[in-house]
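Heads up, the sequence shown is in the numbering used here, so the first residue is 48 and it goes up one at a time. I have placed the structure first, in the form of structure tokens, so that the comments after it can refer back to it.
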Amino acid sequence: MPERAVRLRVRGLVQGVGFRWSLCREAQGLGLRGWVRNRSDGSLEALAWGEAEAVTGLLAWAAQGPPAARVSGVEILEAAPEADPTEGFEQRPSL
48 MPERAVRLRV RGLVQGVGFR WSLCREAQGL GLRGWVRNRS DGSLEALAWG EAEAVTGLLA
108 WAAQGPPAAR VSGVEILEAA PEADPTEGFE QRPSL
């Protein structure tokens, strides 16, 4: 299966609603690697890579997010996996 890597930025009501935790759990369930963190501007940022179909599934999930979230937009940029890839999907400190 082909692999795909994306960097995404999710905007809206995405902090304080369990979005990071939920995205991390969703990504782990899909077998993806990468990370997620909150940004100081109120958005959420993530880098995810793995099987292309799994990445597409995570992007579809991120457009809705967890029940308390209100997503107003998702920016998606094709990316490359990090040089020192993590073995799983992790939450990183806010930036």
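Glycine is no exception: its CB is placed at the ideal position from the N, C-alpha and C atoms.
ask   = Thinking just about the alpha-carbon of each residue, which of P113, E73, R80 is nearest to the one in G59?
value = Taking the sequence shown and counting its residues from 1, the one referred to as residue 59 is at position 12. Among P113, E73, R80, the Cα nearest to that of G59 belongs to P113.
Where A115 sits in the DSSP three-state scheme = Numbered from its first residue, the sequence shown carries residue 115 at position 68. A115 falls in the coil class under three-state DSSP.
ask   = Between A95 and A110, what straight-line distance do the alpha-carbon atoms span, to the nearest angstrom?
value = Numbered from 1 along the sequence shown, position 48 holds the residue referred to as residue 95. Numbered from 1 along the sequence shown, position 63 holds the residue referred to as residue 110. Their Cα atoms are separated by approximately 15 angstroms.
ask   = Quick one: what's got a C-beta closer than 8 angstroms to E100's C-beta in the same chain, skipping five residues either side?
value = As a first step, residue 100 is located in the sequence shown; it is residue number 53 there, counting from the start. Result list for E100: M48, in chain order.
inquiry  = As a quick exercise: from D88, R54, G78, L77, pick the residue whose alpha carbon is nearest that of Q62.
reply    = To locate residue 62, count along the sequence shown from 1; it is residue 15. Ranking D88, R54, G78, L77 by Cα distance to Q62 puts D88 first.
inquiry  = Do L77 and L143 count as a contact pair if the criterion is CB distance below 8 angstroms?
reply    = Only positions 48 to 142 of the chain appear in this structure, which leaves residue 143 out of reach.
task = Mark L55 as exposed unless 16 or more other C-beta atoms lie within 10 angstroms of its C-beta, in which case mark it buried.
result = If you number the sequence shown from 1, residue 55 lands on position 8. That one is buried.
query = Can you give the Cα-Cα distance for E122 and R84, rounded to whole angstroms?
reply = For the purposes of this step, residue 122 is identified with residue 75 of the sequence shown, where counting begins at 1. For the purposes of this step, residue 84 is identified with residue 37 of the sequence shown, where counting begins at 1. Computed Cα separation, rounded: 15 angstroms.
ask   = Would E50 be called buried (16 or more neighbouring beta carbons within 10 Å of its own) or exposed?
value = Locating residue 50 in the sequence shown gives position 3, counting from the first residue. Classification of E50: exposed, given that the 10 Å Cβ count is below 16.
key: Bounding residues of the alpha helix (DSSP H) (the contiguous stretch that carries A99)   = In the sequence shown, counting from the first residue as 1, residue 99 sits at position 52. Counting along the chain, the alpha helix (DSSP H) containing A99 begins and ends at 99 to 109.
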